[in-house]
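Residue numbers (UniProt numbering): 1 to 741.
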């Protein structure tokens with residue numbers, strides 16, 4: 001159902017325009033909360049979007065916003081656009097305003113479809129009030145059995161012949177509810193192809209619960225009552241039996257938690273354990289083993305909404321509203337998916353059954369579904385809510401599955417190997433971007449917790465893996481950096497001589513924080529984002545033999561490169577990066593030795609890996625309507641087309657568009673490269689801004705190094721060095737330049 005404010009979206013004449021223009025939806029937060037109390041589908045989705053956004057912490061909660069009314073409250077706007085086929089995209093923007101300060105909190109994306117025979121079955125399902133209901137478990141069983149019986153893509157991934165985990169749990173039978181641990185000796189009595197098992201992914205949390213140790217192994221090999229297990233494990237045993245399987249693997253009960261040798265041996269088998277399981281059961285919505293798989297829910301706000309329209313040319317027509325962000329709220333932001341080990345557990349599993357806070361989700365190679373959309377979750381193809389780098393989780397899971405099925409080519413994987421698919425490097429970017437910001441109970445597990453994915457990827461490549469980086473991507477991949485807006489925390493070893501580093505200082509794995517790899521390397525795009533200035537001579541890594549009960553890697557990278565002198569200035573907080581200053585090159589990146597920083601000013605020499613043209617994105621404006629991003633263009637050259645040897649000028653995207661139009665008109669013999677595409681949603685997110693900066697840099701590098709444009713273009717030097725302000729006066733950036741002749 002919808003409240004009166006949301007029903008107005010589907011009433012009247014103005015809503016027939018699918019031009020993407022913003023229109024007001026709600027003016028007061030009290031209206032939103034009133035809609036939530038009335039169980040309005042859209043208002044409830046918007047509240048979930050606000051609660052899921054970290055910026056709300058600065059606003060003292062939505063209840064606090066409600067109390068302030070409209071003086072210091074929020075505004076909701078919406079826009080419509082034509083989607084694919086007969087779908088319509090519906091986007092909401094939530095904005096807060098405090099006095100003169102206006103801030104975009106988040107966006108919510110929905111799809112509108114006509115209610116016809118195709119969509120009717122999607123919304124005809126009657127959800128129960130709990131995911132433990134017979135109807136919910138029947139649906140989970142149906143997904144599982146249909147996948148095994150009819151999904152050819154999923155069936156192509158055959159289990160590794162002869163692979164059996166060292167230990168498995170016999171889940172018992174429903175009539176006695178008892179379980180026991182089976183060892184290799186117990187399993188050797190069965191034929192390997194008869195051993196089918198499932199796995200469980202769960203959060204450990206800070207609670208105490210029964211685990212396997214060297215002292216209780218023999219006792220746990222005897223039948224035990226299910227009551228000794230935490231709630232999540234009890235329900236996992238029940239679901240395993242319900243799906244018709246007898247064996248289950250749980251890390252805390254199948255690996256000895258008091259034996260480093262056993263943990264080291266079993267952690268090396270993770271790729272085999274998860275990729276050979278028939279299904280992975282994920283306790284997605286629980287933060288510890290006592291939270292359970294099954295959850296209660298509000299049925300109305302979790303079911304796609306049927307709305308009767310009252311438009312000028314379309315009266316009494318039924319449409320279906322689907323929340324495209326549902327799995328983002330309930331899965332991507334869920335407690336389990338903030339745990340570092342889970343990334344590879346999900347990627348390596350052939351089938352995923354995820355028990356979230358309000359729904360059960362199913363994922364395999366041919367179907368992404370949930371209880372409210374049992375025949376397939378509908379995504380808005382115009383809105384990539386998973387990744388702004390052109391790589392989403394589905395692409396990555398499919399790639400891993402292709403490797404598991406043996407359908408990917410051998411040899412080094414380059415961009416041009418798969419013209420119609422994301423490159424191996426782009427996929428690895430996605431892995432590192434998401435994995436680096438996840439938490440680990442043991443921080444020394446940083447590389448081990450990703451080793452299963454590495455094992456699979458190495459099957460499709462003869463590339464060398466180097467502590468989180470790949471040899472073919474060096475040296476440009478050394479220019480990894482923190483994600484904009486995030487904070488990097490060096491591993492303890494940087495400030496404690498008693499601890500040794502878990503990874504070489506040149507690896508992102510030596511730090512805790514959200515990491516971004518360079519968007520491109522010179523190996524993949526010789527005329528692209530970076531101009532290479534260094535050559536890789538040698539690279540190697542080895543396991544630290546002195547490490548006791550921990551996995552640590554040491555390494556060496558040898559480069560041939562220019563050196564420049566710079567100064568590293570520490571901030572008061574040693575956990576913050578200082579600022580690297582140099583007359584020769586700005587914004588250079590340096591890998592410090594793993595020793596405490598004791599001097600206030602440290603002079604050092606930096607190896608110049610690559611040069612950048614476009615830097616330092618900056619967002620201007622106070623409201624979404626007037627906001628834009630500008631970028632600095634840095635130039636150091638002796639080319640005659642440029643009047644200044646060194647200059648810095650700030651430009652915005654519209655300046656680049658106008659500049660490109662002029663180039664096309666005056667340089668008919670030259671093919672002008674394209675600009676990065678426009679983005680209509682999340683335009684000011686850190687990922688989108690960085691992606692655009694990389695694209696503008698590629699464009700500018702190609703243009704600036706083209707011999708015909710260097711000698712024949714009348715505007716190249718003027719645009720790059722800021723002399724053409726009469727033509728670009730609308731940019732509002734006049735005078736923002738500096739340079740030396």
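Cβ coordinates follow ideal geometry from the N, Cα and C atoms, glycine included.
_CB-CB length for residue 536 against residue 606, believed under 8 Å_ = Locating residue 536 in the chain shown gives position 536, counting from the first residue. Locating residue 606 in the chain shown gives position 606, counting from the first residue. Not quite, the Cβ-Cβ distance comes to about 17 Å (not below 8 Å), so this is no contact.
*asked:* Please report the distance separating the alpha-carbon of residue 25 from that of residue 685.
replied: As a working note, residue 25 is residue 25 in the chain shown. As a working note, residue 685 is residue 685 in the chain shown. Taking the straight line joining both Cα atoms gives about 23 Å.
_Cβ-Cβ distance between residue 270 and residue 468 below 8 Å_ = Start at 1 with the first residue of the chain shown, and residue 270 comes out as number 270. Start at 1 with the first residue of the chain shown, and residue 468 comes out as number 468. Not a contact, by the Cβ cut-off of 8 Å.
*Any contact of the region 126-134 with the region 143-153, i.e. 3+ C-beta pairs under 8 Å?*
Segments in contact, no.
*Exposed or buried, what is residue 260 when buried is set at 16 or more other beta-carbons lying within 10 Å of its beta-carbon?*
Walking along the chain shown from the start, residue 260 turns up at place 260. Around the C-beta of residue 260, fewer than 16 other C-beta atoms lie within 10 Å, and the residue is accordingly described as exposed.
*7 Å Cβ shell around residue 440 - same chain, five flanking residues per side excluded*: Working through the chain shown from its first residue, we reach residue 440 at position 440. Around residue 440, the same chain offers 340, 446 and 449 as residues with beta carbons nearer than 7 Å, after the five sequence neighbours per side are excluded.
*residue 212 and residue 253 closer than 8 Å at C-beta*: Locating residue 212 in the chain shown gives position 212, where the first residue counts as 1. Locating residue 253 in the chain shown gives position 253, where the first residue counts as 1. Yes, these two residues count as a Cβ contact at 8 Å.
*asked:* Excluding the 5 residues flanking residue 242 on each side, which residues of the same chain have their C-beta closer than 7 Å to its C-beta?
replied: Locating residue 242 in the chain shown gives position 242, counting from the first residue. Around residue 242: 137 and 141.
*Could you tell me whether the region 276-286 touches the region 197-212, using the rule of 3 or more Cβ pairs below 8 Å?*
The answer is yes - the region 197-212 touches the region 276-286, with three or more Cβ pairs under 8 Å.
*When we look at the beta-carbon of residue 51 and count the other beta-carbons within 10 Å, is it buried (16 or more) or exposed?*
Locating residue 51 in the chain shown gives position 51, where the first residue counts as 1. Around the beta-carbon of residue 51, fewer than 16 other beta-carbon atoms lie within 10 Å, marking it exposed.
*asked:* Using C-beta distances below 8 Å, list every residue in its chain close to residue 206, excluding the 5 sequence neighbours before and after it, in chain order.
replied: Numbered from 1 along the chain shown, position 206 holds the residue referred to as residue 206. Here the set comprises 288.
*Which word fits residue 145, buried or exposed, when buried means at least 16 other C-beta atoms lie within 10 angstroms of its C-beta?*
Mapped onto the chain shown, residue 145 falls at position 145. By the 16-neighbour rule on beta-carbons within 10 angstroms, residue 145 is exposed.
*What's the C-alpha gap between residue 164 and residue 306?*
Residue numbering aside, residue 164 sits at position 164 when the chain shown is read from its first letter. Residue numbering aside, residue 306 sits at position 306 when the chain shown is read from its first letter. Roughly 48 Å between the two C-alpha positions.
*Please work out which residues of its chain come closer than 8 Å, Cβ to Cβ, to residue 458, disregarding the five sequence neighbours upstream and downstream, and give them in chain order.*
Walking along the chain shown from the start, residue 458 turns up at place 458. Only residues of its own chain outside the window of five on either side were considered, and among them 465 have a CB closer than 8 Å to the CB of residue 458, listed in chain order.
*Determine the DSSP secondary structure at residue 330, reduced to helix, strand or coil.*
Taking the chain shown and counting its residues from 1, one reaches residue 330 at position 330. In the three-state reduction of the DSSP assignment, residue 330 falls in the helix class.
*Ignore the nearest five residues each way along the sequence and tell me which others in residue 777's own chain have a CB closer than 7 Å to its CB.*
The chain is shown from 1 up to 741; residue 777 falls before or after that span and cannot be answered.
*How about residue 342 and residue 336: do their beta carbons lie closer than 8 Å?*
Working through the chain shown from its first residue, we reach residue 342 at position 342. Working through the chain shown from its first residue, we reach residue 336 at position 336. Residue 342 places its beta carbon less than 8 Å from that of residue 336.
_Excluding the 5 residues flanking residue 6 on each side, which residues of the same chain have their C-beta closer than 7 Å to its C-beta?_
The residue you call residue 6 lines up with position 6 of the chain shown. Answer for residue 6: 35, 40, 42 and 43, listed in chain order.
*Just the Cα atoms here: how many angstroms apart are residue 656 and residue 670?*
Locating residue 656 in the chain shown gives position 656, where the first residue counts as 1. Locating residue 670 in the chain shown gives position 670, where the first residue counts as 1. Looking at the two C-alpha atoms, the distance is approximately 17 Å.
*Is residue 304 buried or exposed, if buried means 16 or more other CB atoms sit within 10 Å of its CB?*
Position 304 of the chain shown, counting from 1, holds the residue named residue 304. The residue in question, residue 304, is buried, as its Cβ has 16 or more Cβ neighbours within 10 Å.
*Which full runs of the alpha helix (DSSP H) of 4+ residues lie inside the region 319-368, going along the chain?*
Fully contained in the region 319-368 are the following alpha helix (DSSP H) runs of length 4 or more, in chain order: 340-348.
*Extent of the continuous alpha helix (DSSP H) to which residue 742 belongs*: Residue 742 cannot be examined here, being either before or after the span of the chain that is shown, 1 to 741.
_Contact under 8 Å by Cβ, residue 357 with residue 338_ = As a first step, residue 357 is located in the chain shown; it is residue number 357 there, counting from the start. As a first step, residue 338 is located in the chain shown; it is residue number 338 there, counting from the start. Their beta carbons are not under 8 Å apart, which means residue 357 does not touch residue 338 by this criterion.
*Out of 475, 438 and 682, which has the shortest C-alpha to C-alpha gap to residue 560?*
Along the chain shown, one-based indexing puts residue 560 at 560. Comparing Cα positions, the closest option is 475.
*Kindly identify the DSSP beta-bridge partner or partners of residue 249.*
Residue 249 sits at position 249 when you count from the first residue of the chain shown. In DSSP, residue 249 forms a bridge with 199.
*residue 33 (DSSP reduced to helix, strand or coil)*: Sequence index remark: in the chain shown, residue 33 carries index 33 (1-based). The answer is helix: DSSP assigns residue 33 an H, G or I state.
*Would you tell me roughly how many angstroms separate the C-alpha atoms of residue 658 and residue 692, rounded to the nearest one?*
Against the chain shown, residue 658 aligns to sequence position 658. Against the chain shown, residue 692 aligns to sequence position 692. Take the alpha-carbon of residue 658 and the one of residue 692: they are about 16 Å apart.
*Would the beta-carbon of residue 210 fall within 8 Å of that of residue 239?*
Residue numbering aside, residue 210 sits at position 210 when the chain shown is read from its first letter. Residue numbering aside, residue 239 sits at position 239 when the chain shown is read from its first letter. Taking 8 Å as the Cβ cut-off, residue 210 and residue 239 do not qualify as a contacting pair.
*Just how far apart, CA to CA, sit residue 317 and residue 310?*
Within the chain shown, numbered from 1, the residue matching residue 317 stands at position 317. Within the chain shown, numbered from 1, the residue matching residue 310 stands at position 310. Going by the C-alpha atoms only, they are around 7 Å apart.
*As assigned by DSSP and simplified to three states, the class of residue 8*: Stepping through the chain shown from its first residue, residue 8 is reached at position 8. Collapsing the DSSP output to three states places residue 8 in a helix.
*Reduced DSSP secondary structure (H/G/I, E/B, other) of residue 76*: As a working note, residue 76 is residue 76 in the chain shown. Note: residue 76 maps to strand in three-state DSSP.
_Other residues of its chain near residue 437: CB distance less than 6 Å, five sequence neighbours each side excluded_ = One-based indexing of the chain shown puts residue 437 at position 437. These residues qualify, in order along the chain: 514.
*When the Cα atoms are used, what is the spatial distance from residue 430 to residue 689?*
Within the chain shown, numbered from 1, the residue matching residue 430 stands at position 430. Within the chain shown, numbered from 1, the residue matching residue 689 stands at position 689. In this structure, the CA atom of residue 430 is about 16 Å from the CA atom of residue 689.
_Nearest to residue 332 (by Cα), restricted to the options 716, 46, 284 and 654_ = Position 332 of the chain shown, counted from the first residue, corresponds to residue 332. Taking only the C-alpha atoms, the option nearest residue 332 is 284.
*asked:* Would residue 352 and residue 363 be called neighbours here (beta carbons separated by less than 8 Å)?
replied: Taking the chain shown and counting its residues from 1, one reaches residue 352 at position 352. Taking the chain shown and counting its residues from 1, one reaches residue 363 at position 363. If you check the CB distance, residue 352 and residue 363 come in under 8 Å.
*Determine the direct distance from the alpha carbon of residue 700 to that of residue 376, and round the result to whole angstroms.*
Working through the chain shown from its first residue, we reach residue 376 at position 376. Working through the chain shown from its first residue, we reach residue 700 at position 700. Straight-line Cα distance between these residues: approximately 42 Å.
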